[in-house]
Ligand code: FAD
């Protein structure tokens, strides 16, 4: 039995970041991880592998769509699927090994195996019981399915199966038009599959600024994705040829079916706390299974904390990381804080979609007086030069004070552009602060500045 200041269960972005920061702050730290490799969902079957496939297929799309326009002639590349998956696995390996290196560098102990909490202050891994002053639940999440949909990870798959299909399907039905469904749907559409997205609501990407969601759907449709909205999926069944999805249209209850080689179930994720022994310990959980915590990530059991996908809030790697860092500071007797009002969300399709802060719908609901500054990438020289002039920046600011309240971008590198606005929001900046900041030309960032100018006397290039 070993004694630690902190034992963290789960080595995803929440757990591993918390561990590194705890160690940096002088705490004797261990992480329990049952997976063969570190990095959690994000590095193994989430953010990183999906971005590798998005990158490879984006380049494929570019060679087919835009190379000739730039005078780049020659044979168009064909896809070697096994090699593409190999590249994805290589990227995963580099990243997971990187965390192992960081653990060694920071003297974080990796306790290999599945952990449980038999009592406060104790963590059991296999037959060994270790003790710790503080225990952190960072066990993340797992895909959730629908009644009547039996996932086999071959024909009816979650995102995990979709990242390693045996071959490229000719057709795919994606159930759920959220971030994961649209990213993976884009990957397979670019690889030549006929992709149909079936969504319960009447719009894609629930919670996103409606104007952006509409523009996004249009652009995806132009890329060949088909959408069936307002459709309640009744079930999905594997057949000899692939799978059949049955759904009812909510507007008239009419029943329909779709056939496809592969069905991707992308209906969200649920917290993964199985086997931890939370019931026996008496840890409070929310209705949807998340661990209940207070503002300092403490559960109702003294010395037991929780962060990341296992607790409420957006299921995002960077949210988990920030909570991990904040909790480490708290455990070391300092002050840790996460500003949940400034957590960006990004969809890594082409174009990318990014948002932070309030949507226009939320501001309307709050009855807040606001102004909108918009700028299309059509007016951005750099975007035009690289065939990425579709989309726009939409900045929302308080009507009286000009303080930035939110920003929504659909366009090139939106996932990077959004951070300028995040920093501005953290500093309580006004739209005019962005508008009066010199931006290098020609950059996509100029579009953000122009949107800020549009909140005042007007954009220059629109
Ligand atoms: P996780 O990453 O889920 O890690 C938890 C770890 O705990 C796992 O490794 C698990 O094995 C381990 N564990 C669980 N129970 C135990 C136990 N009892 N004992 C030992 N170990 C245990 N987010 C983004 O921000 N950007 C993206 O681009 C993005 N893309 C995504 C794409 C896909 C396909 C998916 C599925 C998710 C994506 N996400 C993305 C979400 C992101 O992966 C999660 O929000 C993030 O991984 C949550 O981190 P976490 O540390 O809370 O948990």
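Numbering (the numbering used here), first residue to last: 37 to 498. Built from N, CA and C at the ideal position, the CB exists for glycine as well.
What first and last residue would you give for the beta strand (DSSP E) that runs through residue i?
i, result
"residue 305", "305–307"
"residue 443", "440–447"
"residue 155", "151–155"
"residue 45", "39–45"
"residue 434", "428–434"
"residue 383", "381–383"
"residue 390", "388–393"
"residue 409", "406–412"
Is the separation between the beta-carbon of residue i and that of residue j shorter than 8 Å?
i, j, result
"residue 362", "residue 354", "no"
"residue 430", "residue 410", "yes"
"residue 115", "residue 360", "no"
"residue 176", "residue 344", "yes"
"residue 309", "residue 325", "yes"
"residue 170", "residue 42", "yes"
"residue 207", "residue 235", "no"
"residue 428", "residue 447", "yes"
"residue 333", "residue 346", "no"
"residue 503", "residue 251", "This structure gives no information on residue 503, because the portion of the chain shown stretches from 37 to 498."
"residue 490", "residue 498", "yes"
"residue 159", "residue 68", "yes"
"residue 265", "residue 281", "no"
"residue 86", "residue 220", "yes"
"residue 73", "residue 144", "no"
"residue 38", "residue 339", "no"
"residue 50", "residue 135", "no"
"residue 425", "residue 433", "no"
"residue 99", "residue 112", "yes"
"residue 257", "residue 263", "yes"
"residue 226", "residue 97", "yes"
Please look up how many angstroms separate the CB atoms of residue i and residue j, rounded, as I've assumed it's under 8 Å.
i, j, result
"residue 151", "residue 356", "No, residue 151 and residue 356 are not in contact; Cβ-Cβ is about 18 Å, not under 8 Å."
"residue 210", "residue 300", "5 Å"
"residue 55", "residue 44", "5 Å"
"residue 84", "residue 127", "6 Å"
"residue 438", "residue 466", "4 Å"
"residue 197", "residue 186", "That belief does not hold up - the Cβ atoms of residue 197 and residue 186 are roughly 13 Å apart, past 8 Å."
"residue 183", "residue 165", "Not a contact, Cβ separation roughly 39 Å."
"residue 58", "residue 364", "4 Å"
"residue 205", "residue 297", "4 Å"
"residue 377", "residue 391", "Not confirmed; about 13 Å, so no contact."
"residue 199", "residue 385", "So it is not a contact: roughly 16 Å between Cβ atoms."
Measuring only from the beta carbon, is residue i closer than 7 Å to any heavy atom that is part of the ligand FAD?
i, result
"residue 135", "no"
"residue 384", "yes"
"residue 167", "no"
"residue 455", "no"
"residue 68", "yes"
"residue 351", "yes"
"residue 391", "no"
"residue 71", "yes"
"residue 378", "no"
"residue 345", "yes"
"residue 183", "no"
"residue 308", "yes"
"residue 192", "no"
"residue 150", "yes"
"residue 356", "yes"
"residue 312", "yes"
"residue 65", "no"
"residue 337", "no"
"residue 49", "yes"
"residue 174", "yes"
"residue 195", "yes"
"residue 223", "no"
"residue 77", "yes"
"residue 83", "yes"
"residue 171", "no"
"residue 45", "yes"
"residue 216", "yes"
Does the ligand FMN have even one heavy atom less than 7 Å from the beta-carbon of residue i?
i, result
"residue 284", "With respect to small molecules bound, the structure shown includes the ligand FAD and not the ligand FMN."
State the start and end residues of the unbroken alpha helix (DSSP H) segment that holds residue i.
i, result
"residue 483", "481–490"
"residue 461", "450–462"
"residue 359", "353–367"
"residue 396", "396–402"
"residue 335", "Premise fails: residue 335 is in no alpha helix (DSSP H) and is neither H nor E."
"residue 56", "49–60"
"residue 215", "215–226"
"residue 419", "417–421"
> What runs of the alpha helix (DSSP H), each 4 residues or longer, lie entirely inside the stretch 228–307?
Replying inline: 246–258
> In chain order, which continuous runs of the alpha helix (DSSP H) of length 4 or greater are located wholly inside the stretch 102–129?
Replying inline: none
> In the stretch 149–197, which residue ranges form an unbroken beta strand (DSSP E) of at least 3 residues, counting only runs that do not cross its ends?
Replying inline: 151–155, 158–161, 164–173 and 177–179
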